[in-house]
Amino acid sequence: MQPDVLVVGGGIIGTTTAAYLARGGASVTLVERAELASGPSGRSLGLVSGPHPPELRSIAERSLQAYLGLARETGAFTIDANDVGCLCISPDGRGLPRGEGEALDGDQVVEAEPLLALRCAAGVVIPARHVDPGGAVSAWAEEARRHGARIRVACPVRSLLDDGGRVAGAATDEGAIFAGCVVLATGWETPRLAAGLGIDVPVRGVRGWIVTTRPAPFRLRRPINEVDFSAGVVAGPLLTLGDIAEGNVGTPIIAAQMRQDAAGRLVLGASLAPAIGDGDDDGAHAVPSICRRAIELIPPIAEVPIAETRTCVRPASFDGLPLHGPVDGIDGLVLACGHRSHGLTWGPGSGEAVARGVLEGEWDPALSPARLEQKASA
Ligand SMILES: Cc1cc2nc3c(=O)[nH]c(=O)nc-3n(C[C@H](O)[C@H](O)[C@H](O)COP(=O)(O)OP(=O)(O)OC[C@H]3O[C@@H](n4cnc5c(N)ncnc54)[C@H](O)[C@@H]3O)c2cc1C
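Numbering (the numbering used here), first residue to last: 101 to 478.
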């Protein structure tokens, strides 16, 4: 049977988009190359928190309500029932979120987390909850299935079917799947698939590493985030072949992010480095740097045994806002990617917005892929 919509990618954006499309009555097939949540969607820190650019505030609020609603209805994944607050800190007071949360002076930062050894000029406690990222992706996939969607895992899309300026479906390892509309929710790899159509999707990969410990003999009061640093790599120029040839790839940006799970394990991040794929080799620098920064903030962490490290790649658009919408000049193709460090946070709201766009043709121009094409030719 030919679906109305083929969603490619089984991360948080693909599964939520499929669920909202199916709830809206569309016939949907989702294909995932590996397993559901095998990319950053299943490997991230799992914080649902800001700061949110104004364009994403409503999506962020709708996401949170959608997570809470689905968790309540299905019991299939966990999310903090109440706001636990995330302590955003900045040694010199710069870069802190504005207009969100409760502003703190240096003394109040110490009160907010007595274990913090780093003296900060200021801080802000912003609303935050932890969601089990892999569990949430599975639950959204199940929600899509419940409304009739077909989910195929271990089914890579090799190319998109170009029918003279119109995308007619995709070639997969299980044969061609024809569809009225193809949604690319393939994270940082979206440019690779879209290139076959002669377009360059303005999304880059930003690699991150996370270090997890065994249970610590102390408890942090709340997650800590050393400002929102994800704009760092996004703001920089793209790496060129000349940079790679000369070894000018820079060192990963490191900032402390930490949360403690129910077992007392500390989940520590994170790094940001331009990702180019199989050739990335920043782990030898990123992992020790994450450990060093965590110890500077909370010295007793030095004695806690390490359990594991993991890495994954964020999809970041060239201006830091996601791409939601059709591509000018190519019918039947919709992009849903580029959510950088906030894909979990903005996921269900984004899926809902993309599904509404596909079903009703209503798109937010601020998130439309055309905004970046316009900037490029301005
Ligand atoms: C270290 C780190 C920590 C993070 N912490 C947080 C956090 O605390 N809170 C937060 O909100 N966000 C966080 N993020 C960001 C978040 O993880 C991402 O923004 C989000 O997961 C992106 O989701 P996605 O669905 O767009 O992409 P992905 O999760 O990459 O999903 C895309 C899927 O498409 C599949 N795919 C790719 N190509 C094909 C193909 N050809 N055929 C079929 N399938 C294909 C992939 O296998 C993948 O499963 C973090 C990211 C990193 C790296």
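A virtual CB, placed ideally from N, CA and C, is assigned to each residue, including glycine. Since this is a predicted model, take the numbers as computed values, not measurements.
Could you tell me the boundaries of the alpha helix (DSSP H) in which L397 lies?
Within the sequence shown, residue 397 is the residue found at index 297, counting from 1. Here the alpha helix (DSSP H) through L397 covers G383 to L397.
Examine ligand 1 and report whether any of its heavy atoms sits within less than 8 Å of the Cβ of A312.
As a first step, residue 312 must be located in the sequence shown, where it is residue number 212. The residue asked about is misnamed: residue 312 is Thr in this sequence, not Ala. T312 Cβ: outside cutoff for every heavy atom of ligand 1.
From the DSSP output, read off the bridge partner residues of R229.
Here the question's residue 229 lines up with position 129 in the sequence shown. Answer is V148, bridged to R229.
Give me the Cβ distance between W309 and I390, rounded to the nearest whole Å; I'm assuming they're in contact under 8 Å.
For the purposes of this step, residue 309 is taken as the residue at position 209 of the sequence shown. For the purposes of this step, residue 390 is taken as the residue at position 290 of the sequence shown. Contact flag correct, Cβ pair sits at about 6 Å.
Counterpart residues of C255 in DSSP-defined beta bridges:
Counting from 1 along the sequence shown, the entry for residue 255 is found at position 155. For C255, DSSP assigns no beta-bridge partner whatsoever.
Report yes if the C-beta of W240 is less than 8 Å from at least one heavy atom of ligand 1; otherwise report no.
As a first step, residue 240 must be located in the sequence shown, where it is residue number 140. No - ligand 1 has no heavy atom lying nearer than 8 Å to the Cβ of W240.
Which partner residues of F278 appear in the DSSP bridge assignment?
The sequence position of residue 278 within the sequence shown is 178, counting from 1. According to DSSP, F278 bridges with G269.
Looking only at its chain, what residues have a beta carbon closer than 7 Å to the beta carbon of I425, apart from the 5 residues adjacent to it on each side?
Here residue 425 refers to the residue found at position 325 when the sequence shown is read from its first residue. Strictly speaking, residue 425 in this sequence is Gly, with Ile absent from that position. Only residues of its own chain outside the window of five on either side were considered, and among them V434, L435, G457, W463, L467, S468 and P469 have a CB closer than 7 Å to the CB of G425, listed in chain order.
Apart from the five residues just before and just after V334, which ones in its own chain have a Cβ nearer than 7 Å to its Cβ?
Mapped onto the sequence shown, residue 334 falls at position 234. Scanning its chain for C-beta atoms nearer than 7 Å, with the 5 sequence neighbours on each side dropped, one finds around V334 the residues A416, G420 and R440, in chain order.
May I ask you to list the residues that DSSP assigns as paired with E408?
Reading the sequence shown from its first residue, position 308 is the one you call residue 408. Answer by DSSP bridge pairing, in chain order: T312.
How big is the Cα-Cα spacing for E460 and D381?
As a first step, residue 460 is located in the sequence shown; it is residue number 360 there, counting from the start. As a first step, residue 381 is located in the sequence shown; it is residue number 281 there, counting from the start. In a straight line, the C-alpha of E460 is about 44 Å away from that of D381.
Measuring CB atoms only, is the stretch 183-193 touching the stretch 363-379, in the sense that at least three cross pairs come out at less than 8 Å?
Taking 8 Å as the limit for Cβ pairs, the verdict is that the stretch 363-379 does not touch the stretch 183-193.
Can you find the residues in the same chain that come closer than 7 Å, C-beta to C-beta, to G432, ignoring five residues on each side of it along the sequence?
For the purposes of this step, residue 432 is identified with residue 332 of the sequence shown, where counting begins at 1. When the five nearest sequence neighbours on each side are left out, the beta carbons in the same chain lying within less than 7 Å of the beta carbon of G432 are those of R266, V267, A268, G280, C281 and V282, in order along the chain.
Quick one: which unbroken alpha helix (DSSP H) runs of 4-plus residues sit fully inside the stretch 109-179? Chain order, please.
If we require 4 residues or more, the alpha helix (DSSP H) runs fully inside the stretch 109-179 come out as 112-123 and 157-174.
Closest to A384 by C-alpha separation, out of S158, T351, E132 and A271, would be which residue?
Working through the sequence shown from its first residue, we reach residue 384 at position 284. Among S158, T351, E132 and A271, the Cα nearest to that of A384 is on T351.
Who are the near neighbours of R252 in its chain, counting only those whose CB is closer than 6 Å to its CB and skipping five residues on each side?
Against the sequence shown, residue 252 aligns to sequence position 152. Excluding positions up to five away in sequence, the list reads V131.
Could you compute how far the alpha carbon of G111 sits from the alpha carbon of L136?
Position 11 of the sequence shown, counting from 1, holds the residue named residue 111. Position 36 of the sequence shown, counting from 1, holds the residue named residue 136. Rounded to whole angstroms, the gap between the alpha carbons of G111 and L136 is 6 Å.
Evaluate the contact criterion for the stretch 210-219 versus the stretch 155-170: three or more CB pairs, one atom per stretch, below 8 Å.
Judged by Cβ distances under 8 Å, the stretch 210-219 makes no contact with the stretch 155-170, as fewer than three pairs qualify.
Close-in-space but distant-in-sequence residues of the same chain around A478 (CB under 8 Å, 5 per side omitted):
Position 378 of the sequence shown, counted from the start, is the residue given in the question as residue 478. Any reading at A478 needs caution, since the residue's pLDDT is 46, under 50, leaving its predicted position unreliable; the model's value is listed next. Excluding residues up to 5 positions away in sequence, nothing lies with its Cβ nearer than 8 Å to the Cβ of A478 in the same chain.
Since I believe G150 is in contact with R200 (beta carbons under 8 Å), could you give me their beta-carbon distance rounded to a whole number of angstroms?
As a working note, residue 200 is residue 100 in the sequence shown. As a working note, residue 150 is residue 50 in the sequence shown. The question names Arg, yet the displayed sequence has Glu at residue 200. The Cβ separation is near 5 Å, so the contact holds.
Check whether L147 and N325 have beta carbons under 9 Å apart:
Locating residue 147 in the sequence shown gives position 47, where the first residue counts as 1. Locating residue 325 in the sequence shown gives position 225, where the first residue counts as 1. Yes, these two residues count as a Cβ contact at 9 Å.
Pull up the DSSP beta-bridge partners for A203, would you.
Position 103 of the sequence shown, counting from 1, holds the residue named residue 203. Answer is V224.
Heavy atom of ligand 1 less than 8 Å from the Cβ of R162, yes or no?
For this step, residue 162 is matched to residue 62 along the sequence shown. No; taking the cut-off as 8 Å, the Cβ of R162 has no heavy atom of ligand 1 nearer than that.
For T272, which residues of its own chain have a beta-carbon under 7 Å away from its beta-carbon, when the five flanking residues on both sides are left out?
As a position in the sequence shown, residue 272 is number 172, starting the count at 1. V131, C255, P256, V257 and R258.
DSSP has S371 in a bridge; who is on the other side?
For the purposes of this step, residue 371 is identified with residue 271 of the sequence shown, where counting begins at 1. Beta-bridge annotation (DSSP): S371 is paired with I354.
Expressed to the nearest angstrom, what Euclidean distance is found between the alpha-carbon atoms of P197 and A394?
Taking the first residue of the sequence shown as 1, we reach residue 197 at position 97. Taking the first residue of the sequence shown as 1, we reach residue 394 at position 294. P197 and A394 have their C-alpha atoms spaced approximately 21 Å apart.
Could you pull out every residue in the same chain whose Cβ sits closer than 8 Å to the Cβ of G248, ignoring the five residues on either side in sequence?
If you number the sequence shown from 1, residue 248 lands on position 148. Excluding positions up to five away in sequence, the list reads A122, S127 and V128.
When every heavy atom of ligand 1 is checked, does at least one fall within less than 8 Å of the C-beta of P140?
Counted from its first residue, the sequence shown places residue 140 at position 40. It does: the Cβ of P140 is within 8 Å (strictly closer) of some heavy atom of ligand 1.
Taking 8 Å as the line, does the beta carbon of C391 fall inside it for any heavy atom of ligand 1?
Against the sequence shown, residue 391 aligns to sequence position 291. Checking the Cβ of C391 against ligand 1 gives no.
Give the C-beta separation of R314 and V404 to the nearest angstrom, bearing in mind that I take them to be a contact with Cβ-Cβ under 8 Å.
Counting from 1 along the sequence shown, the entry for residue 314 is found at position 214. Counting from 1 along the sequence shown, the entry for residue 404 is found at position 304. The Cβ separation is near 6 Å, so the contact holds.
For P422, write down the residues that DSSP places opposite it in a beta bridge.
Sequence index remark: in the sequence shown, residue 422 carries index 322 (1-based). Paired residue(s): none; P422 is not in a bridge.
CB V301 to CB L284, shorter than 9 Å?
Along the sequence shown, one-based indexing puts residue 301 at 201. Along the sequence shown, one-based indexing puts residue 284 at 184. In this structure, L284 lies closer than 9 Å to V301 by Cβ.
What is the DSSP secondary structure of D431, counted as helix, strand or coil?
Residue mapping note: residue 431 aligns to position 331 of the sequence shown, counting from 1. It is a strand residue.
In this structure, how does DSSP classify S441 when only helix, strand and coil are distinguished?
Taking the first residue of the sequence shown as 1, we reach residue 441 at position 341. S441: helix per DSSP, three-state reduction.
Could you tell me which residues DSSP pairs with Q360 in its beta bridges?
As a first step, residue 360 is located in the sequence shown; it is residue number 260 there, counting from the start. Residue pairing for Q360: DSSP places it in a beta bridge opposite L366.
Quick check on S158: buried or exposed, where buried means 16 or more other Cβ atoms within 10 Å of its Cβ?
As a working note, residue 158 is residue 58 in the sequence shown. Exposed, since its Cβ has fewer than 16 Cβ neighbours within 10 Å.
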